[in-house]
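K.L.:
Quick one: structure below, then a few questions.
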Ligand SMILES: Nc1ncnc2c1ncn2[C@@H]1O[C@H](COP(=O)(O)OP(=O)(O)OP(=O)(O)O)[C@@H](O)[C@H]1O
Ligand SMILES: [Mg+2]
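In this note's numbering, the protein residues as written are 12 to 499.
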């Protein structure tokens with residue numbers, strides 16, 4: 012198979028001229044239907060600033076406090092190269108093994124690649140068509156994950172090598188040391204952007220009122236001081252505890268580094284093989300929470316699937332994609348029976364992995380890993396990221412959610428969005444797993460791992476209620492009250 016064309020200057024001006032339908036604009040990239048050498052294609056451009064549509068959307072948001080979330084040029088190049096490598100890899104596989112659309116061309120100058128248009132449906136559209144049945148939607152997307160994982164598993168070593176950097180691979184796994192910093196930032200961001208009591212504290216600081224002779228405190232210091240005043244002595248310690256427990260639940264004894272990237276590639280591949288065979292990690296997609304990224308042929312339950320959006324593909328635990336399929340903004344459990352369906356589906360995933368890949372996965376550990384991933388990814392990571400969304404980003408997102416009628420006022424929109432998407436869902440989750448049926452099953456059925464998860468959920472709930480991110484639920488308040496009566 013020949014490599015896709017790298018375009019000449021003359022040809023690369025074409026996509027811009029023919030930018031006839033934008034599919035999505037986000038901070039790092041712009042995706043559109045366009046024409047390449049006379050053929051209709053999809054173009055994904057990692058230099059989105061070139062487009063007036065991008066400039067318009069983000070005008071007024073490129074300065075503080077919004078500046079920070081905009082990704083660096085280096086990150087964009089990294090994601091572009093990773094996606095390109097994966098498209099190239101998939102395009103040369105036999106058709107039945109291909110997991111992406113065919114790569115049609117590349118323009119390195121503008122960091123744009125072009126792929127053949129997939130005309131079959133994606134799961135995002137499917138979700139909109141089938142309405143409210145949690146189990147049906149979750150099962151269909153999980154089926155797609157099983158299929159993708161079977162291919163990713165079969166080629167795990169080749170995939171790791173297809174996107175090489177100087178020392179390692181762009182698919183290298185997470186690193187625990189980086190997680191400490193990452194989650195410290197996420198928690199601080201959530202508090203800064205969502206807590207009214209923090210906002211009041213910050214506004215009353217002498218520096219905010221122009222009364223201080225010393226330099227104003229940085230935002231991070233403000234958050235940390237605020238927390239110590241509300242009884243959280245050391246946020247860093249809380250976060251270390253959170254990350255350590257997360258690693259213990261998700262990777263067992265394999266910490267603090269899944270693959271030692273300072274070793275030669277041969278050694279890294281040997282470590283990867285071991286992780287794969289022990290069922291600890293494989294190659295995962297990483298962005299299944301967006302069901303638009305996964306396509307099915309005709310029948311969403313039986314046909315071969317394809318994926319796009321490979322910026323997050325990496326070596327990680329399989330539960331990451333399974334949690335994405337079972338818990339995502341477009342399809343969350345809404346009742347106790349839904350919660351049970353989710354657990355049942357995790358078991359089905361495990362059975363199929365045994366059958367397709369002969370990889371051992373412990374059913375009980377896997378369930379706890381999926382729930383921990385739901386907590387970490389939805390109640391922390393996505394909450395932090397989405398709390399920085401600008402109104403245009405929220406509106407695109409909210410237009411897809413049937414239950415969300417978006418208010419006119421931007422400030423109200425932001426509040427309602429975070430309330431509906433994160434706080435309400437997290438409260439449902441904590442109620443079920445800390446105070447209702449879920450807790451009983453975690454402790455009785457899932458043993459030590461289940462008990463770790465209970466502690467982990469409690470850590471996040473305690474931090475959020477102390478910091479004024481959310482209020483205590485009525486049943487949490489009652490429990491607290493009983494405790495006070497007994498202890499007084
Ligand atoms: N080859 C293709 N054929 C049809 N649709 C595609 C193709 N490639 C991408 N898309 C659609 O465009 C959407 C955006 O592409 P992609 O996910 O790669 O970009 P993104 O920057 O992550 O966008 P978003 O922020 O919306 O996820 C995809 O979710 C998918 O539905
Ligand atoms: Mg996407």
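Positions of the beta carbon are idealized from the N, C-alpha and C atoms, including for glycine.
#1: Measure the alpha-carbon distance for residue 406 versus residue 86 and round it to whole angstroms.
#2: Please identify the residue among 447, 52 and 398 whose C-alpha is closest to the C-alpha of residue 425.
#3: Could you spell out the range, first to last residue, of the beta strand (DSSP E) harbouring residue 47?
#4: State the Cα-Cα distance for the pair residue 103 and residue 112, rounded to the nearest angstrom.
#5: Indicate whether residue 324 and residue 294 have their beta-carbon atoms separated by less than 8 Å.
#6: Please report how far the alpha carbon of residue 199 lies from the alpha carbon of residue 234, in whole angstroms.
#7: State the Cα-Cα distance for the pair residue 447 and residue 462, rounded to the nearest angstrom.
#8: Once the 5 residues before and after residue 498 are set aside, which same chain residues still bring their CB inside 7 Å of it?
#9: Considering residue 194, what are the terminal residues of the alpha helix (DSSP H) in which it resides?
#10: How about the region 153 to 172 and the region 205 to 220: do they share at least three Cβ pairs that are nearer than 8 Å?
#11: Is it buried or exposed, residue 492, if we count other Cβ atoms within 10 angstroms and call 16 or more buried?
#12: In the structure shown, what three-state DSSP assignment does residue 458 receive?
#13: Say yes only if the C-beta of residue 126 is nearer than 7 Å to one or more non-hydrogen atoms of ligand 1, and no if none qualify.
#14: Does any residue of chain C have a CB that is nearer than 8 Å to the CB of residue 70?
#15: Check residue 373 in the structure and name its three-state DSSP category.
#16: Should residue 94 go down as buried or exposed, given a rule of 16 or more other Cβ atoms within 10 Å for buried?
#17: Does the distance from the C-beta atom of residue 269 to that of residue 297 stay below 8 Å?
#18: Within a Cβ cutoff of 6 Å, which residues of the same chain sit near residue 375, ignoring the five residues on either side of it in sequence?
#19: Considering only heavy atoms of ligand 1, does any lie closer than 7 Å to the CB of residue 156?
#20: Name the one or two DSSP bridge partners that residue 318 has.
P.N.:
Working from what's here:
#1: Translated into positions along the chain shown, residue 406 becomes position 395. Translated into positions along the chain shown, residue 86 becomes position 75. Rounded to whole angstroms, residue 406 to residue 86 spans 26 Å at the Cα level.
#2: Taking the chain shown and counting its residues from 1, the one referred to as residue 425 is at position 414. Residue 398 is the option with its Cα nearest to residue 425.
#3: Numbered from 1 along the chain shown, position 36 holds the residue referred to as residue 47. Taken as a continuous stretch (DSSP letters only), the beta strand (DSSP E) holding residue 47 covers 41 to 47.
#4: Numbered from its first residue, the chain shown carries residue 103 at position 92. Numbered from its first residue, the chain shown carries residue 112 at position 101. Taking the straight line from one Cα to the other gives about 11 Å.
#5: Numbered from its first residue, the chain shown carries residue 324 at position 313. Numbered from its first residue, the chain shown carries residue 294 at position 283. Cβ distance < 8 Å, so residue 324 and residue 294 count as in contact.
#6: Reading the chain shown from its first residue, position 188 is the one you call residue 199. Reading the chain shown from its first residue, position 223 is the one you call residue 234. Roughly 7 Å between the two C-alpha positions.
#7: Counting from one through the chain shown, the residue named residue 447 turns up at place 436. Counting from one through the chain shown, the residue named residue 462 turns up at place 451. Rounded to whole angstroms, residue 447 to residue 462 spans 15 Å at the Cα level.
#8: Stepping through the chain shown from its first residue, residue 498 is reached at position 487. Correct list: empty, nothing qualifies.
#9: Working through the chain shown from its first residue, we reach residue 194 at position 183. First-last of the alpha helix (DSSP H) with residue 194: 187 to 205.
#10: no
#11: For this step, residue 492 is matched to residue 481 along the chain shown. Per the 10 Å Cβ criterion, exposed.
#12: Counting from 1 along the chain shown, the entry for residue 458 is found at position 447. Helix, per DSSP.
#13: Sequence index remark: in the chain shown, residue 126 carries index 115 (1-based). Yes, the Cβ of residue 126 comes within 7 Å of a heavy atom of ligand 1.
#14: Absent from the structure is chain C; it holds one protein chain and no more.
#15: Along the chain shown, one-based indexing puts residue 373 at 362. Looking at residue 373 - three-state DSSP - the assignment turns out to be coil, as it is neither helix nor strand.
#16: Taking the chain shown and counting its residues from 1, the one referred to as residue 94 is at position 83. When all chains shown are included, residue 94 counts as buried.
#17: The residue you call residue 269 lines up with position 258 of the chain shown. The residue you call residue 297 lines up with position 286 of the chain shown. Contact: no.
#18: For the purposes of this step, residue 375 is taken as the residue at position 364 of the chain shown. Excluding sequence neighbours, residue 375 sits near 457.
#19: Position 145 of the chain shown, counting from 1, holds the residue named residue 156. Checking every heavy atom of ligand 1 against the Cβ of residue 156, none is found closer than 7 Å.
#20: Counting from one through the chain shown, the residue named residue 318 turns up at place 307. Note: residue 318 sits in a beta bridge opposite 305.
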